[in-house]
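Q: Have a look at this one.
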Amino acid sequence: MPRSPVVARTRAGASVLAALTVTALVATGQPATAAPAPPAAEPLNRAFDRAAREYGVPRDLLAAVGYGESRLDGHAGKPSQANGYGVMHLASNPDNRSLEKAAALTGESADRLRRDTAANILGGAAVLRDHADRLGLDRTERRDVNAWYPAVARYSEAEGPAAALYADTVFTFLAQGLTATAPGGETVRVPSRPVAPDKDEVSAAGVYAQSPDYPSALWVPASSQNYATGRTATINKVVVHVTQGSYAGSISWFQNPASQVSAHYVIRSSDGEITQTVRDANTAWHARSANSSSIGLEHEGWVDNPAWFTDAMYRSSAALTSHLAARYSIPKNRTHIVGHSEVPGNDHTDPGVHWDWNYYMQLVGGSPGTPGDSLTFPSYAVQQSGSSGPQVKAVQQLLNAQGYAAGSADGIFGPATKSATQAFQRARSLTADGAVGPKTWTALLSAGTTPALARGSSGDAVKRLQRSLTAALGTTVNADGSFGPTTETAVRTYQSSRGLSVDGKVGPATWGALQAGR
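So the mapping is simple: this note's numbering equals the position in the sequence shown, first residue as 1, plus 66.
Written out as C-alpha cells, the structure is:
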C-alpha cells in the first residue's frame, strides 16, 4: 500500500533501540552525522558511497546492512547456505531472488554481482531502493534513515518475526555505531546516532515470544516440513554449527519449506541473542546420523572468518549448552559436545579451525579433551554375529550413516547388523560374509566425500583417512584430523603395498582403493 507523504512514527515500538542509542552516544561521543569521505584508496568505502549516491540509499544504512549480512566479507563469490553472495548477500533461491532482481535493476551480470564487491554493493543498494519505491517513500522520506526500516525488513525476504529481527539488528548497528575492519584491512565506519524506526509496515507479532524450552531465548518456529516430530533416540549430545550466513537469514531459511534443514537454536554474533526454532523434543535436521540423538546449535558467521566468533556469542552459547547438559544428562566433554564436522557421515567443516574449543569448553564447565566420535580405536578387531561392545556400535553407526539399516546403535551384533553389513559388502564387491574384518572396516571407515588431501590438510576427511589407514595397515595412525608427516608416511606405505603411485598424497586412486576395502 502506498505511504502518505507524512510518515507516522511508531516510537513506542522503538523504545529499546532509542534507549540503546543514548548509551552508545555517551560511550562514543560520535555525532549523528554521515561518515567522512574516505581516501580514494579505500575501495569498500568508495563502493558504499557510489551506491548510496546512485540509488538514494543512506550510506550508513547500506553499510550496516552489508555488515550484518557478511561482516563486509564477500567470500570470493562462495555462496551462503541460502545461496546468497557477496557483501550484500544477493540471493538466488526459491523464496529470495534478490540476485536476479539486482541484475535486472543494475544491468550487471549475475556472475559479476556474485564476484565483484563494488557491483554487489551497487546491486544491494538497487534492491533496497526498489523496496523503498514499492513502499511509496518519497525523496524527503528517503533522507530519513528511520523511514527505511520496512524496506530493510523486506530486503531480508523473511516474514513476521524473522523480518523484524533482521531489521532490528541493522538499526541496532546504526544506534551503536560500527568500526569494522574488512578482510583486506580496510576500515569502514558508521557513526552512532539516535534511531526511532518506523515499524508501521512490519508485522512483528510474536517476535518477542519466549522460547518454550530455554527462557533466555526467543521463539520463532521453523517450518514443520524442515524437522520431524518427536525423537527416535535419547538426547545425548550437542552439535556446534556455523550458519554460513546471517542470524535472521538463517532463521528465515529454516522457515522456508524448500530448505529441508533446521536447528534447535541460533545464536547471534554481535550480542549472543538466542532464538529457538525447533523444540528440544523434536528432531531438527542438522547433522544427519546424529539428528535423532542431538541438539543442534547454529552460530551466526562463516567458518573462514573469526571476526564472527565474539565473546558474547561464546558465553551465550556455552550457557545454553550447560543448561542442555544439565537438563538431558549430557556429559560435558568433547565426546558429547562436538562440531558438525565430527559427526559421522557428514562432509561439513564447521565450526572450523577458528572455533576456540578450549575456551568454549571452559565456559561450559567441562573438559576440553579431544573430540571422541566413538569411531576411533588404536586397532580394529573382527566384528561378527555375537560380538558386542563399542566397536560393534561403531560399525552400526557407520552403516546407518551410509544408508544401510543396521538398526539401533546398541553395540550388539545381531541379524539386522549382519544383513546391513552384507548389503554394504555387496555394494563394495567384497565377500558378503556379514563379518567386519580389515577390508570391510577399511571401506566403512573411508566412506564419504573424496577431497584431495596432502600434508597440511585438516578436518573430518583427514580423520576418515587416518582411521581407514589404521584398519588397512593394521598399525595405529593417530586420528587427530591433521595431515602431518606421520600420516604422509602411512599414506606412502599404503600406496606402496597396494601397487599405487607413491606420492604421499590422497587423490582419486588412493580414495578409490580405500573405499573398495583394498
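We put the CB at the ideal spot given by N, CA and C, even for glycine.
Could you check what DSSP says for THR206 in three-state terms: helix, strand or coil?
A: As a first step, residue 206 is located in the sequence shown; it is residue number 140 there, counting from the start. In this structure, THR206 counts as helix in the three-state DSSP scheme.
Q: Go ahead and label ALA299 buried or exposed: buried means 16 or more other beta carbons lie within 10 angstroms of its beta carbon, across all protein chains shown.
A: Your numbering for residue 299 matches position 233 in the sequence shown. The residue in question, ALA299, is exposed, as its Cβ has fewer than 16 Cβ neighbours within 10 Å.
Q: Would DSSP call HIS141 helix, strand or coil?
A: Taking the sequence shown and counting its residues from 1, one reaches residue 141 at position 75. Looking at HIS141 - three-state DSSP - the assignment turns out to be helix.
Q: Ordered along the chain, which non-local residues of its own chain (more than five positions away) have a Cβ less than 8 Å from that of SER495?
A: Numbered from its first residue, the sequence shown carries residue 495 at position 429. ALA582.
Q: Is there contact here, the region 284-295 with the region 310-326, by at least three beta-carbon pairs under 8 Å?
A: Yes, they touch.
Q: GLU363 lies in the beta strand (DSSP E); which residues open and close that run?
A: As a first step, residue 363 is located in the sequence shown; it is residue number 297 there, counting from the start. The residue asked about is misnamed: residue 363 is Leu in this sequence, not Glu. Unbroken beta strand (DSSP E) run through LEU363: 360-365.
Q: Given a cut-off of 9 Å on the beta-carbon distance, is the pair GLY500 and THR487 in contact?
A: What you label residue 500 is simply residue 434 of the sequence shown in a count that begins at 1. What you label residue 487 is simply residue 421 of the sequence shown in a count that begins at 1. Cβ distance < 9 Å, so GLY500 and THR487 count as in contact.
Q: Quick one: is VAL448 buried, meaning 16 or more other Cβ sit within 10 Å of its Cβ, or exposed?
A: Residue numbering aside, residue 448 sits at position 382 when the sequence shown is read from its first letter. Its Cβ having fewer than 16 others within 10 Å, VAL448 is exposed.
Q: State whether the region 167-176 contacts the region 187-195, with contact taken as three or more CB pairs (one from each stretch) at a distance under 8 Å.
A: Touching, per the Cβ criterion.
Q: List the endpoints of the continuous beta strand (DSSP E) containing TYR586.
A: Nothing about residue 586 can be reported from this structure: the residues present for the chain run from 67 to 584 only.
Q: In the region 146-206, which residue ranges form an unbroken alpha helix (DSSP H) of at least 4 residues, counting only runs that do not cross its ends?
A: Listed in chain order, the complete alpha helix (DSSP H) runs (minimum 4 residues) inside the region 146-206 are 164-172, 176-181, 183-201.
Q: If I follow the unbroken beta strand (DSSP E) through ILE396, where does it start and stop?
A: As a first step, residue 396 is located in the sequence shown; it is residue number 330 there, counting from the start. Premise fails: ILE396 is in no beta strand (DSSP E) and is neither H nor E.
Q: Quick check: the region 110-123 against the region 155-165, are there 3 or more CB pairs under 8 Å?
A: Verdict: no, contact absent.
Q: Would you kindly work out how many angstroms separate the C-alpha atoms of HIS197 and ASP337, rounded to a whole number?
A: Stepping through the sequence shown from its first residue, residue 197 is reached at position 131. Stepping through the sequence shown from its first residue, residue 337 is reached at position 271. Taking the straight line from one Cα to the other gives about 28 Å.
Q: For the pair the region 519-526 and the region 569-579, tell me if three or more CB-CB distances fall below 8 Å.
A: As far as the Cβ criterion goes, the region 519-526 touches the region 569-579, which means the pair count is three or higher.
Q: Under the DSSP definition of a beta bridge, which residues are partnered with ARG220?
A: The sequence position of residue 220 within the sequence shown is 154, counting from 1. Note: ARG220 sits in no beta bridge, so no partner.
Q: Using the C-alpha atoms, what's the distance from GLY311 back to HIS589?
A: As displayed, the chain neither begins before 67 nor continues past 584, which places residue 589 out of reach and without an answer.
Q: To the nearest angstrom, how far is the alpha carbon of ASP569 from that of ARG558?
A: To locate residue 569, count along the sequence shown from 1; it is residue 503. To locate residue 558, count along the sequence shown from 1; it is residue 492. The alpha-carbon atoms of ASP569 and ARG558 are separated by roughly 6 Å.
Q: What are the boundary residues of the beta strand (DSSP E) that LYS571 is part of?
A: Translated into positions along the sequence shown, residue 571 becomes position 505. Looking at the DSSP string, LYS571 is not in any beta strand (DSSP E), and its letter there is neither H nor E.
Q: When you compare the CB of ASN412 with every CB in chain D, is at least one pair closer than 9 Å?
A: Among the protein chains of the structure shown there is no chain D, as only one such chain exists.
Q: Keeping to the same chain, check which residues put their C-beta closer than 6 Å to that of ASP526; ignore five residues upstream and five downstream.
A: Position 460 of the sequence shown holds residue 526. SER407.
Q: Distance check for PRO281 and GLU108, CA to CA, integer angstroms please.
A: Counting from one through the sequence shown, the residue named residue 108 turns up at place 42. Counting from one through the sequence shown, the residue named residue 281 turns up at place 215. Approximately 44 Å between the Cα atoms of the pair.
Q: According to DSSP, is SER382 part of a helix, a strand, or is it coil?
A: The residue given as residue 382 occupies position 316 in the sequence shown. Of the three classes helix, strand and coil, the one that applies to SER382 here is helix, per DSSP.
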